[in-house]
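Residue numbers 0 to 386, in numbering that gives the first Met the number 0, belong to the letters of the sequence shown in order. The beta-carbon is built from N, C-alpha and C at its ideal position, and this holds for glycine as well. Small disclaimer: the values here were computed from a predicted structure and weren't measured.
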Amino acid sequence: MADSTSLDLLRKLVAFDTTSRESNLQLIAFVQDYLDGLGVASQLVHSEDETKANLYATLGDPDKSGVMLSGHTDVVPVDGQAWDSDPFEIIEHDGRLHGRGTCDMKGFIAVTLAMVPQFLERGLETPIHLAFSYDEEVGCIGVRRLIDKLNGMPVKPAMAIIGEPTEMGVIVGHKGKRSYAAHVRGLEAHSSLAPQGVNAIEYAAEFIAHLKGMARKIERDGPFDEDYDVTHTTVHTGVINGGTALNIVPKDCRIEFEFRYIGTDDPDALESQIHSFAFDTLTPMMHAVNKDTGIEIECYNDMPALDMNADDEVVTFIKALAGRNDHAKIAFGTEAGLFQQRSGIPSVVCGPGSINQAHKPNEFIEISQIEECEKFMARLMDRVCER
């Protein structure tokens, strides 16, 4: 039976509309007040405009390294989704708790907060650090400011558990992602005089064809990681927009594309390939007609891959907490890659709920998953507490 405190906290957390476009400050204030009432001080790391905040707190000795429990407070929109109930009010039905964020990922945060009094009562030989972020759903934006803060602290956590929904499976890797916007600047002309212009759409098409060629080569030659459903890095073009009329050589074309890369692949090498083709091959041909033409490429989101060795001490430790010997890798990105790559904190993803229920109308978490997460936390207490 799930603890009533976990369920009550989850109801309260879901009631805060923390859709990424909204502020999360009311939820953060609630968590801060809850921790204050237990004698736990916390610090906030705000967004640049101070409309959102990360929260960081330590249970136990702040001068000792410990285990960080991390989760994001924001949720995806409900706009246009056919919900059978108020998304921000939990409805229990057939052993499931329905509501936005129940699965992704306020369930983990609720269980974590519910266990704080027990951690404190039993005393901590190894501290527990709490890290709750904002704007994960729009590119893991908020946690980067928290990581900058952690990197400046004298003591950082020894390991991190990111409680994304994995049905309490132990996840040792996920793909990284780099998202790009490219602007091809051409030269307008009447279409009857096409050679006198620089056709932005056609040059964009050549660039897209090059991306597809890269994708085919990687699919054929690798590198490969058999732990993923899609075992290799993927290259994908998702948006294209250009031109004004059929009888005008188009001046502008904009595209958006991405790499989702496995941990053993080198994103800098992939980026170097696209820059070389754009700037060394296509741009000179464009300049041969007009020097004011060209290509601009911006990487607007960079989410590092997570790539832990299955034999690492942190992985073995978390497998024991989860009560299982297996591990896996996932296709979706998390903040774990940032903690590992940008702060050197060994990280594993493990949390209640299924990603198959995330982001959907009538999102839910099984109450049995809340119970499994509570058992996980109880085992953690046995490992880090004095009694």
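When Thr263, Ala203, Val13 and Ala304 are compared, the shortest CA-CA separation from Lys250 is found for Ala203. When rounded, the separation of the alpha-carbon atoms in Val348 and Gly162 is 6 Å. Annotated as distal: Thr101 and Ile369, with beta-carbon spacing of 7 Å or more. DSSP, read as helix, strand or coil, puts Cys252 in strand.
Asp73 sits close to Tyr133, with the two beta carbons spaced by under 7 Å. The distance from the Cβ of Pro164 to that of Ser19 is about 17 Å, inconsistent with a contact at the 8 Å cut-off.
In this structure, the alpha-carbon of Arg215 lies about 40 Å from that of Leu149.
As summarised for the region 247 to 314, the continuous beta strand (DSSP E) elements at least 3 residues long and confined to that stretch are 251 to 260 and 293 to 302, given in chain order. Boundaries of the alpha helix (DSSP H) around His209: Ala199 to Asp220. The beta strand (DSSP E) runs lying completely inside the region 148 to 184 and spanning 3 residues or more are 158 to 161, 170 to 173 and 175 to 184, given in chain order. In this structure Ser271 is exposed. Its beta-carbon is surrounded by fewer than 16 other beta-carbon atoms within 10 angstroms.
According to the DSSP assignment, Ala130 belongs to no alpha helix (DSSP H) but to the beta strand (DSSP E) extending over Ile127 to Ser132. Within the model, the alpha-carbon separation for Val169 versus Gly59 is close to 26 Å. A contact is defined here as three or more CB-CB pairs under 8 Å, and the region 190 to 204 fails this definition with respect to the region 301 to 312. When only Cα atoms are considered, Asp228 and Val248 end up about 43 Å apart. Taking all protein chains in view, the Cβ of Asn23 is crowded by 16 or more other Cβ atoms within 10 Å, so the residue is classified as buried. Between Val383 and the set Asp7, Arg121 and Glu49, the nearest pair of CA atoms involves Arg121. Annotated three-state conformation of Thr17 is coil, per DSSP. For Met114, the secondary structure class from DSSP, reduced to helix, strand or coil, is helix.
Around the beta-carbon of Ser367, fewer than 16 other beta-carbon atoms lie within 10 Å, marking it exposed. When secondary structure is reduced to three states using DSSP, Val39 falls in the coil class, being assigned neither helix nor strand.
Rounded to the nearest whole angstrom, the CA to CA distance from Glu371 to Leu320 is 10 Å. Between Phe206 and Leu281 a beta carbon distance of about 6 Å is seen, short of the 8 Å cut, so the two are scored as contacting.
Secondary structure of Ser46 (DSSP, three-state): coil. The beta carbons of Gly185 and Ala199 sit about 3 Å from each other, so the pair counts as a contact at 8 Å.
In this structure, the CA atom of Ile261 is about 9 Å from the CA atom of Ala330. Across the structure, Ile140 and His71 are spaced so that their CA atoms are roughly 11 Å apart. For Leu54, the enclosing beta strand (DSSP E) covers residues Ala52 to Leu58. DSSP places Lys328 in the uninterrupted beta strand (DSSP E) bounded by Ala327 to Ile329. Collapsing the DSSP output to three states places Thr4 in a helix. CA-CA distance, Asp103 to Ala357, rounds to 6 Å.
Taking C-alpha positions only, Ala157 is separated from Lys374 by approximately 22 Å.
Nearest to Glu295 by C-alpha distance, out of Gln25, Thr315 and Ile273, is Ile273.
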